[in-house]
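In terms of this note's numbering, the sequence shown opens at residue 4 and continues consecutively.
See structure below.
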Amino acid sequence: GSERTTSGRGMLLSNTHFPAVGSRQWHESHLTVPGEIDVYGVSLMGVPLINVGFTRHVAWTHTVSGAPRFIATMLRLDPDDPTRYNDGDGWRDMEETSHTIEVLEGDGGTRSVTKSTWQSSFGPVINAPVIGWNGTQAIAISDANDNNLAMPATWAAMNRAESLAELQDAQRTHLGIPWVHTMAADDQGQAWYIDSSAVPNWAPETIDAWEAFRSSDAIAAIFADFGVFVVPSDDPAFRWVEEPGAREPGLVPWDKMPQLTRDDFVFNANDNHWLTNPDELLTGYSALYGPDAAPRSPRTRMNARYLMETGEDSPSGEDGRFDLAELETAALSGRGMVAEELLDAVIERCNARRDGGPWRVDPGTGEEVDVDLGPGCDALMAWHGRVSTDAVGAVVWRELLGSGVFSVDDFLDAGALWDIAFDPSSPVDTPSGLTPLETAAVDEDPVLDALAIGLLRLDAAGIAADAALGDVQFLPRGDAKVPFPGGQSASGTIQIASYSSGASGTLLEDPQQASVVNSETDLTEDGYLVNYGNSFVMALEFTDEGPRARAITTYSQAESPASPHHADQSELYSTGVLRDVHFEEADIAAHTIETKTVSHP
């Protein structure tokens, strides 16, 4: 917002983390219909609109919201008929629909196969994990996005927005955003956040009832561990509340969605709404959006640190106001919250022990082995704390954090990693400090255990402790391995580089990992293959002359290896810079490579 920008107008950083392969790749385009629409950005496959981007006066981006999209209803079945269930008002019959399809046989012929789907008043019945569909209970899915046909209309209206008010009105009118937070900024210097995703509308007493049910029902407790809300079908306490202002009856209405407008900044890094701006905490919303006053991820804290730091050495410089170059530099700097807080203490502990002989550790085999900590200490001392391609020591840090010694909770609150516990009055700066040793024994230290295990795994992968990150972490493009900067979310970096086994979802070529050494860190015998993480990165500022933007599609725009553009942006991103976005007609004309005209009969 205007208080934090050199121009006094709005700025936007879009830094989405999506796959580099398959159906969730971003595709860049600039859609122009004179007098109707002029919008630049990226879209997912099959979407003829811009999902993330900007018009002449307003820009927006999205991050995935963790609020639940569905409630799993445990159908209480009639013992004499598993297709009848109790909905709290009595017994009801499921609706059966038959589907016949032709199935290919091994000899090249086909045969007809008929299957049935079953529908309840709570949604379709599924073959649920753990419990399946037995004689007494089944699971139905009540989906907040069922029949959500407002998605195209919402983004179409956003693509036409020429002010923040019009962007807000696009979402308020159509309410078609399915599963993301929105952050936006405009040329008047306003910054806006909302979680307008589709969320079931539960009353506060329903949350209390669910907590009681979860504590008393083993199946509900198991599903809750995976973030799934399970409720019984025969208890009316779990009905969705119908209120005006919702897209569909039973969804959270517009005026009860978490949102905030500021003149300084808003941000989101996949945690919920609470810490959108540390100076104006968002509280009092439905518990389905996630808890208030709870620990934030290291990546959320790193984002906040970028935005809150001021002074000569801060991302926004001595004046405390970002210009476009400073925003781009921050986005690609590769800083990590955990390293900035703990690296020096880890080095100190490592050096204090390195002359005591080999460190003995059980790497998970049941047998202890000796490990020389010296190369790890040296690599960490040589590391500048960033995850750029030239970083020596970054691989040791990655393997240390992903050794398996630390649990997910250890990254969020006091435990085996952090000393000072999370304090909701200081959510950006806590937890903090390296946890002290619990014993005086010089050979018992979980941090050094983690370092030793990490060194063993690097050795098993044939990677030296002092290897530069860009020598072992890469994005496959054709026959090339493009060095790729970034780290994992747990380290607190906003520059993500990781691997997802289910990233593609298409029949397009999908490079596979070599033999995996450590699945927690994506370490293989061929290094770190990247197919997920920083995807489309864009830094934008509004000026008196209009929008100026710099961007990159990290996996490049052309799918065909024969194209000269198959790896061009990847190679540029590897060097740590973005490229100019050509929005004005004169700039487009000056940089046009080829023009094609497509006619419809």
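All residues carry an ideal CB built from backbone N, CA and C; glycine is no exception.
Count the other CB atoms within 10 Å of the CB of residue i; is the residue buried (16 or more) or exposed (fewer)?
i      : result
Met48  : exposed
Val485 : buried
Ser391 : buried
Thr103 : exposed
Gly93  : exposed
Glu283 : exposed
Leu526 : buried
Asp448 : buried
His603 : exposed
Ser5   : buried
Ala153 : buried
Arg114 : exposed
Val349 : buried
Phe586 : buried
Pro298 : buried
Glu331 : buried
In the DSSP assignment, what are the bridge partners of residue i?
i      : result
His594 : DSSP, once it has assigned bridges, lists no residue as partnering His594.
Thr76  : Ala143, Val234
Leu526 : Asn521
Pro439 : In the DSSP output, where bridge partners are listed per residue, Pro439 has none listed.
Leu291 : Its beta-bridge partners do not exist; DSSP assigns none.
Gly339 : Thr496
Asp41  : Thr35
Gly135 : Ala131
Gly1   : Any answer about residue 1 is impossible in this case: the structure gives the chain only from 4 up to 604.
Gln560 : Note: Gln560 sits in no beta bridge, so no partner.
Met186 : Thr64, Tyr196
Glu615 : In the structure as shown, the chain starts at 4 and stops at 604, and residue 615 therefore has no counterpart that could be examined.
Val485 : Leu478
Ile104 : Val116
Asp583 : Arg553
Trp257 : According to DSSP, Trp257 bridges with nothing at all.
Trp94  : Asn89
How would you write the range of the alpha helix (DSSP H) that residue i sits in, first residue to last?
i      : result
Trp213 : 207–219
Glu108 : It is not in any alpha helix (DSSP H) - Glu108 carries neither H nor E in the DSSP assignment.
Tyr309 : 301–311
Met14  : Run containing Met14: none in the alpha helix (DSSP H); it sits in the beta strand (DSSP E), 14–22.
Asn162 : 154–163
Pro449 : 449–463
Val475 : 472–475
Ala397 : 397–404
Arg175 : 167–177
Thr332 : 327–334
Asp316 : From DSSP, Asp316 is part of no alpha helix (DSSP H); its letter is neither H nor E.
Asp571 : 571–577
Please check the pair residue i and residue j, which I expect to be a contact at CB under 8 angstroms, by giving their CB distance rounded to whole angstroms.
i      : j      : result
Asp257 : Arg175 : The amino acid at residue 257 is misidentified as Asp; the sequence shows Trp. Rounded, the Cβ-Cβ distance is 5 angstroms, consistent with contact.
Ala470 : Val398 : 6 angstroms
Pro434 : Ile423 : 6 angstroms
Gly56  : Val36  : Contact doesn't hold; Cβ gap of about 15 angstroms is too wide.
Ala483 : Ala570 : 6 angstroms
Val374 : Trp386 : Contact flag wrong, Cβ pair sits at about 19 angstroms.
Ile180 : Ser200 : 5 angstroms
Asn537 : Thr524 : 17 angstroms between Cβ atoms; not a contact.
Ser145 : Thr58  : 36 angstroms between Cβ atoms; not a contact.
Tyr292 : Asp198 : 6 angstroms
Ser123 : Leu78  : 6 angstroms
His65  : Val183 : 4 angstroms
Arg553 : Leu581 : 4 angstroms
Could you tell me the boundaries of the beta strand (DSSP E) in which residue i lies?
i      : result
Tyr535 : 535–546
Thr27  : First, the amino acid is wrong: residue 27 is Arg here, not Thr. Arg27 -> no beta strand (DSSP E), and no H or E assigned at all.
Tyr502 : Note, Tyr502: premise wrong, no beta strand (DSSP E); not H, not E.
Gly56  : 55–57
Asp381 : Here Asp381 belongs to no beta strand (DSSP E); instead the alpha helix (DSSP H) covers 377–385.
Gln262 : 262–265
Asp84  : 84–89
Asp416 : Premise fails: Asp416 is in no beta strand (DSSP E) and is neither H nor E.
Arg3   : This structure cannot settle anything about residue 3, because the visible part of the chain is limited to 4 through 604.
Ile423 : 421–423
Asp373 : 372–374
Tell me whether residue i, by its Cβ, gets closer than 6 angstroms to a heavy atom of the ligand PLP.
i      : result
Ala463 : The ligand PLP is absent from the structure shown, which contains no ligands of any kind.
Next on the checklist: Across the region 54–72 and the region 120–130, are there enough close Cβ pairs to call them in contact, namely three or more that are closer than 8 angstroms?
Outcome noted: no
Checklist entry - Is there contact between the region 320–332 and the region 405–412, where contact requires at least three CB pairs shorter than 8 angstroms? => result no
Next on the checklist: Any contact between the region 109–120 and the region 265–274? By contact I mean 3 or more CB pairs, one from each, below 8 angstroms.
Outcome noted: no
Checklist entry - So does the region 451–463 actually touch the region 351–368, counting three or more Cβ pairs closer than 8 angstroms? => result yes
Checklist entry - So does the region 207–223 actually touch the region 307–316, counting three or more Cβ pairs closer than 8 angstroms? => result no
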